[in-house]
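Have a look at the structure below before the remarks.
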Amino acid sequence: MVYIVGAGPGAEDLITLRGLRLLRSADLVIYAGSLVNPEILKETKEGCRILNSARMTLEQVIHEMEDAEKKGLVTVRLHTGDPCIYGAIREQMDWMRQRNIPYEICPGVSSFCGAAASLEMEYTLPEVSQSVVITRMAGRTLVPERESIRSFAAHRATMVIFLSAGMLKELTSELLAGGYGPETPAAIVYKATWPEEKIIRCDLKDLERLAKEEGITKTALIVVGDAAAQTGYLRSRLYAPEFETEFRKASSGGDGDEKEQKTQQIGE
C-alpha cells in the first residue's frame, strides 16, 4: 500500500494524527526534499528506508514504490502542506493505477493556512473579501492564459500566490496591470510555521524591494488584497444578537443583550 501524506506547512507538530500514524508505520518514506521539515522524519520506525525525491525523477519514485509493493511493504509518499495543491500527485496516482498499486491520500494542512495563522489573518472578511484565489506565476510550468495573475487581479479578491517569490518584479507588474493599486495591502511569509519563518507586511509596490532586502527568493507565499490589512470589515451577522439561527433566538436588545453584544465585539 502507498499512502500519499500531507506533512503540513512546516512545523513538525502540524502533521495530522492520521498522517503521523501512517508515517510511523512506513517501511519506505519518499519525502519532498527541502519542502518537508526533516524533524518529522524522526517519527519513522527503526529500519525505515528514507529517500529524498528532490534527487529523483518520477520514474525513479514509481520504481521504488513498485519494488516496495512487491515486497509487501508500506510506503509513505510525504508531500509538503496538503498534497492536492501543487503536489504533482495526479501523475503518481495514474502510474500506480496502471501498475495495480493500491494507494490512499491523507490530507494535510496547507501552507496557505499556515501563513494565515502566522499573519493572524482571516482571509474571508465580511464586506472586504469573500473569495480566495490560490495561484502561481507562470514559469517552467505554464499557466493557462485564462488563469493568469493579471486576469485574477481584476477581481480584487484575496490572492495567495505560490511558487513566485523569485519573480516578484514580474508578479508586481502583473498585479498592478490587473487592477490592484500600488498601495494594496500585501504580505510575504517565508517558510510559514518553520522555526526560521519570516513575515513581511507591506504595500504591493514594495514587495520586490523588501523581499530583496531580506534575501527571500523562494519558499515563500505572497498574500495580496484588502483582507491582508485586516481592517474595515463588518461584524459577522451569524453572531449578532439580532440574528436568529436554528440554535439561538434573536435577542430583543435589552440591557443584557447590549452587554452580550459589547462582549462579542471585543472578542471578535
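By full-length UniProt numbering, the letter at position 2 of the sequence shown is numbered 2, and the numbering carries on one by one without gaps.
Using N, Cα and C, we set each Cβ at its ideal position, and we do this for glycine too.
* What three-state label does DSSP hand C113 in the structure shown? -> Mapped onto the sequence shown, residue 113 falls at position 113. It is helical.
* Asked: For A250, which three-state DSSP category applies?
  -> The residue you call residue 250 lines up with position 250 of the sequence shown. Coil.
* Asked: From Q265 to K191, what distance separates their C-alpha atoms?
  -> Indexing the sequence shown from 1 puts residue 265 at position 265. Indexing the sequence shown from 1 puts residue 191 at position 191. In this prediction, Q265 scores a pLDDT of 41, lower than 50, which makes its location untrustworthy; the coordinate-derived value is nonetheless stated afterwards. Whole-angstrom Cα-Cα distance: 33 Å.
* Which stretch, first to last residue, makes up the beta strand (DSSP E) that contains A211? -> Along the sequence shown, read from residue 1 onward, the residue named residue 211 stands at position 211. Where A211 is concerned, there is no enclosing beta strand (DSSP E), although the alpha helix (DSSP H) it sits in stretches over 207-213.
* To do: Can you give me the Cβ contacts of G234 inside the same chain, cut-off strictly under 6 Å, excluding the 5 residues immediately before and after it?
  => If you number the sequence shown from 1, residue 234 lands on position 234. One point to set straight first is that residue 234 is Leu, not Gly, in the sequence displayed. Excluding positions up to five away in sequence, the list reads P126, E127.
* To do: Put D67 into one of helix, strand or coil per three-state DSSP.
  => Against the sequence shown, residue 67 aligns to sequence position 67. Of the three classes helix, strand and coil, the one that applies to D67 here is helix, per DSSP.
* Asked: When the Cα atoms are used, what is the spatial distance from R156 to G179?
  -> Counted from its first residue, the sequence shown places residue 156 at position 156. Counted from its first residue, the sequence shown places residue 179 at position 179. Approximately 7 Å between the Cα atoms of the pair.
* To do: Output the distance between the C-alpha atoms of A115 and A11, rounded to the nearest integer angstrom.
  => As a working mapping, residue 115 is identified with position 115 in the sequence shown. As a working mapping, residue 11 is identified with position 11 in the sequence shown. The straight-line gap from Cα to Cα measures roughly 12 Å.
* Using the Cα positions of I89 and G8, report the straight-line distance between them to the nearest angstrom. => Taking the sequence shown and counting its residues from 1, one reaches residue 89 at position 89. Taking the sequence shown and counting its residues from 1, one reaches residue 8 at position 8. C-alpha separation (whole angstroms): 16 Å.
* **Burial state of N100, where buried means 16 or more other Cβ atoms lie within 10 Å** => Within the sequence shown, numbered from 1, the residue matching residue 100 stands at position 100. So N100 ends up on the exposed side.
* Asked: Which of the three DSSP states, helix, strand or coil, is assigned to T57?
  -> Along the sequence shown, one-based indexing puts residue 57 at 57. Three-state DSSP puts T57 in coil, outside helix and strand.
* Boundaries of the alpha helix (DSSP H) in which L168 is found, first to last residue -> Here residue 168 refers to the residue found at position 168 when the sequence shown is read from its first residue. From DSSP, the alpha helix (DSSP H) with L168 extends over 168-178.
* Is T44 closer than 9 Å to L17 when the C-beta atoms are compared? -> As a first step, residue 17 is located in the sequence shown; it is residue number 17 there, counting from the start. As a first step, residue 44 is located in the sequence shown; it is residue number 44 there, counting from the start. No.
* Asked: What is the C-beta distance between E66 and L28, in whole angstroms, given that I count them as a contact (C-beta under 8 Å)?
  -> In the sequence shown, residue 66 corresponds to position 66, counting from 1. In the sequence shown, residue 28 corresponds to position 28, counting from 1. Actually they do not touch by this definition, with Cβ atoms about 11 Å apart.
* Asked: Given a threshold of 16 other Cβ atoms within 10 Å of its Cβ, counted over all protein chains shown, does E46 qualify as buried or as exposed?
  -> Translated into positions along the sequence shown, residue 46 becomes position 46. Classification for E46: exposed.
* To do: For the stretch 166-177 and the stretch 93-108, state whether three or more C-beta atom pairs, one from each stretch, are separated by less than 8 Å.
  => no
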